[in-house]
Each structure stands twice: as C-alpha cells, then as structure tokens.
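Have a look at the structure below before the remarks.
Numbering (this note's numbering), first residue to last: 7 to 446.
In structure tokens, the structure reads:
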C-alpha cells in the first residue's frame with residue numbers, strides 16, 4: 007500500500023538550515039515514480055525548493071479552479087517516546103487493518119489519497135473541465151511561511167480566485183459531544199491566536215522592606231484581571247449556531263426545542279456547551295495564562311517581572327480589540343505594560359454553509375459516511391488553509407474519515423495510524439470530489 011511507503015520518508019519539518027532535506031527530495035522522486043499518469047497530465051512547480059504546486063489544467067478556463075491542500079511534513083518523534091510506540095514510527099507498518107506511522111493521519115494520508123484519486127482518473131484518460139490545483143506544503147507544522155504562504159502569494163499574483171479550497175482540519179467523529187452519535191464536521195473557520203506579554207517594573211531591593219506593590223505582585227494582579235475580563239460567549243458570530251441547527255435532529259427533545267427557539271433558550275444552550283471544553287471554544291475567545299517569570303531569589307525583590315497569556319481568538323474578536331480591552335483592565339496598574347509577543351493571528355473568515363461548494367462536500371461526506379449527519383465546525387488548531395483566504399471564495403477543512411476520541415490523540419502523539427477502511431474512504435471521497443466538482 008502506497009501510504010505505507012510514503013510514511014517511510016522521514017519528512018520532518020525543517021526548523022534549522024542544517025536539518026535533513028534529502029527525505030523531501032526522495033519523497034518527490036517517489037511521487038513521480040508511483041503516480042506517472044497524473045504527473046504526465048499535470049504541471050508540477052517547485053515552490054521554495056521543497057513545496058509542490060500541481061496544476062491539472064481544465065478544458066474550460068472560465069470556471070474558477072478547485073484548490074486541494076495537504077502537507078508533506080510531519081512532526082518529529084522525540085527519542086524519549088519511541089519505546090512507547092508499538093511499531094517503528096517511520097517503518098510504514100500495516101497491522102491490525104491499519105497503516106501505522108508518523109503522518110498517517112496528519113497529513114500524508116490526505117496527500118497520498120489525493121494522489122491515488124488523481125492517478126486513478128488520469129490513468130483512465132479523464133481530463134477535468136474545471137482546473138484542479140494541488141498545493142502540498144513542506145512546512146505546515148511550523149507555520150507554512152515558506153510553503154503555503156508563498157504558494158498562495160503565487161496564485162494571487164496569477165489572479166487565481168478559486169471556487170473553494172479544501173484542506174485538513176476536521177473529520178467525522180464517532181461520538182459528537184453534543185449528540186453522542188456520529189457527525190461529519192466541516193471546518194468553516196479557524197481560530198486565531200496570540201501570546202500577550204505582560205511586563206511589570208517595580209522597585210528592586212531586599213524583601214525585608216518591600217513597597218506596597220512589587221513587580222511580581224503587579225504582574226500577578228495583571229494576569230488575574232486579564233484572565234477574568236469579560237469575554238463574550240454567544241452562539242452567533244461563529245459556527246456554533248449552525249452546528250446546533252444541523253445536528254438538531256440528533257439532539258435530545260429538550261435540546262431540539264431549545265435550538266428551534268434559540269432566541270428564547272440561548273442561555274440554556276450556552277450552558278450545555280460550556281460543560282465541554284471543545285464545545286465551549288465555539289462560543290468565544292479563550293484565555294489561558296501560561297508563563298510567569300520574575301525574581302531569582304526568595305529574599306530579593308526583582309526590578310522586573312513578565313507573564314504570558316495565550317489567547318485563542320474567536321472569529322467574532324480580533325487581536326487589536328483584545329489588546330485594547332486588556333489594556334483597559336490594567337490601566338490603573340502603574341509600571342505595567344502590555345504587548346503582543348509577535349503578531350497575533352486573527353481567526354479566518356467564516357465560509358458559507360449555503361454555497362454550492364459546501365453542498366458538494368456535504369453530499370460526498372454523506373455518501374461516504376451515511377450515518378454521520380453533516381455540520382459546520384470551528385477548527386481549533388492551525389492549518390495551511392488559513393493562508394488561502396484571499397484566493398478562494400470559500401475555504402473548508404475536512405478529512406473524510408471516521409475517528410474515535412482515542413484516534414484524535416494520535417496526530418503528534420503515540421502510535422499514529424489510519425485504518426485501511428478510512429484510507430479507502432478518503433480515496434473514494436476525492437475521486438467523487440474531482441468527478442462531481444471538476445469533470446462535469
């Protein structure tokens with residue numbers, strides 16, 4: 007099975023200039039060898055040396071293209087965790103009806119399934135009417151700055167405005183937290199994020215004669231105020247309400263009634279969602295203090311102290327507005343300043359759930375996973391797709407695979423594997439997507 011072969015290329019994200027690039031080059035050669043019909047039909051471009059941009063030209067240039075994303079790179083497997091793997095993470099082992107190894111789910115499974123689908127169609131002599139663009143970044147796991155960013159810029163410079171983009175990000179869950187049953191979740195937006203740095207300046211000296219406030223007490227007070235500042239928690243302004251409406255037939259009678267009359271029962275719905283951390287993240291921005299740095303000795307007052315708070319930004323909010331509100335919370339704390347540590351990333355625009363492209367993806371999902379109702383969702387992590395908002399009408403994030411709660415721990419974790427059944431689902435889905443979306 008070719009996915010097992012692909013896993014054997016150790017395409018770990020390149021953090022340093024000295025990191026090993028050869029696995030990427032070898033992987034590219036393998037793709038050309040294993041998918042000859044597709045490579046004969048499509049134009050291949052190398053972007054930033056290691057990212058792959060394929061264009062399968064359609065016969066009708068007037069139709070906006072489809073952009074399909076996946077990424078080549080995988081996260082490393084720390085040496086101190088290898089003994090906890092049941093197999094060599096880069097051996098590409100097929101066992102227990104699954105393909106094992108780093109990247110099986112995130113994201114070589116998607117990449118190879120896309121290539122399998124395209125090869126199947128190209129080998130039959132099929133040609134798309136609508137152009138299909140495949141963009142396979144090499145640095146998604148570290149931000150995509152040299153891969154997805156540059157490819158999206160190249161497409162923008164060419165005047166590309168795609169019908170839609172499809173990437174990883176969400177999947178079908180065997181037990182949705184709100185219904186207890188299966189649900190296919192299509193990501194229509196992606197949370198942003200940023201780290202707020204709090205810097206406090208105080209009077210240094212000996213702790214035997216402390217001032218009323220120290221740098222440490224100031225930074226602690228600032229952290230407490232910002233962590234407690236009011237953050238709007240609403241069903242509107244994101245995917246939450248659309249998700250609940252889509253899943254309403256699967257909800258309990260009480261929740262169905264509440265969704266049907268959300269104008270009256272919105273507080274009840276919010277309370278129900280607040281019981282689950284993932285569901286709660288759909289309602290608003292989350293705030294998590296993560297780091298505090300201050301003095302070096304127990305009896306010495308430091309002159310400075312710092313803290314960092316991680317924000318995961320909801321589509322309803324922005325980094326600029328959150329910084330303004332945080333500054334208002336600490337305006338009376340003399341010696342305290344706030345700045346984003348780097349540039350915060352706002353949430354991506356919310357894509358339509360009434361578009362023809364969403365309808366296509368939803369219909370194909372229902373065909374592959376008929377027992378899983380389709381609903382929109384919010385991607386809580388980061389994907390390459392966020393860089394493509396300017397070159398597409400809509401951007402969606404969905405892998406056509408059915409995952410358990412245990413499966414969700416595998417990407418970036420131990421014993422990552424993709425069931426053969428799920429891999430076959432992906433191939434069938436992508437064949438259907440290319441046929442229905444670009445060949446009719």
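Yeah, the Cβ is synthetic: ideal placement off N, Cα and C, and Gly gets one too.
I need the straight-line Cα distance from residue i to residue j, nearest angstrom please.
i: residue 439; j: residue 300; result: 55 Å
i: residue 134; j: residue 65; result: 7 Å
i: residue 102; j: residue 441; result: 32 Å
i: residue 243; j: residue 217; result: 46 Å
i: residue 147; j: residue 308; result: 37 Å
i: residue 62; j: residue 276; result: 45 Å
i: residue 144; j: residue 279; result: 36 Å
i: residue 360; j: residue 170; result: 13 Å
i: residue 74; j: residue 373; result: 20 Å
At which residues does the alpha helix (DSSP H) containing residue i begin and terminate?
i: residue 230; result: 221-234
i: residue 5; result: This structure does not reach residue 5, given that the chain is present from 7 up to 446, and the question cannot be answered.
i: residue 335; result: 325-335
i: residue 107; result: First-last for residue 107: undefined, no H or E at that position.
i: residue 374; result: 362-374
i: residue 13; result: 8-13
i: residue 286; result: 283-286
i: residue 116; result: 114-129
i: residue 161; result: 154-163
Relative to the C-alpha of residue i, which residue among the options is closest?
i: residue 315; options: 405, 200, 227, 282; result: 200
i: residue 370; options: 304, 13, 411, 177; result: 177
i: residue 68; options: 292, 263, 165, 212; result: 165
i: residue 183; options: 240, 322, 283, 430; result: 283
i: residue 163; options: 436, 358, 397; result: 397
i: residue 436; options: 174, 143, 93; result: 174
i: residue 401; options: 281, 358, 378, 228; result: 358
i: residue 20; options: 31, 186, 406, 372; result: 31
i: residue 355; options: 48, 379, 292, 403; result: 403
i: residue 348; options: 421, 364, 317; result: 317
i: residue 419; options: 78, 428, 84, 38; result: 84
Check residue i in the structure and name its three-state DSSP category.
i: residue 247; result: helix
i: residue 41; result: coil
i: residue 404; result: coil
i: residue 298; result: strand
i: residue 93; result: coil
i: residue 386; result: coil
i: residue 391; result: helix
i: residue 146; result: helix
i: residue 422; result: coil
i: residue 396; result: helix
i: residue 31; result: helix
i: residue 253; result: helix
According to DSSP, what are the bridge partners of residue i?
i: residue 190; result: 178, 380
i: residue 171; result: 73, 401
i: residue 205; result: 312, 343
i: residue 60; result: 50, 140
i: residue 101; result: 104
i: residue 196; result: 385
i: residue 292; result: 318
i: residue 307; result: 211
Go to residue i, then tell me how far its beta strand (DSSP E) extends in each direction, as first and last residue.
i: residue 51; result: 49-53
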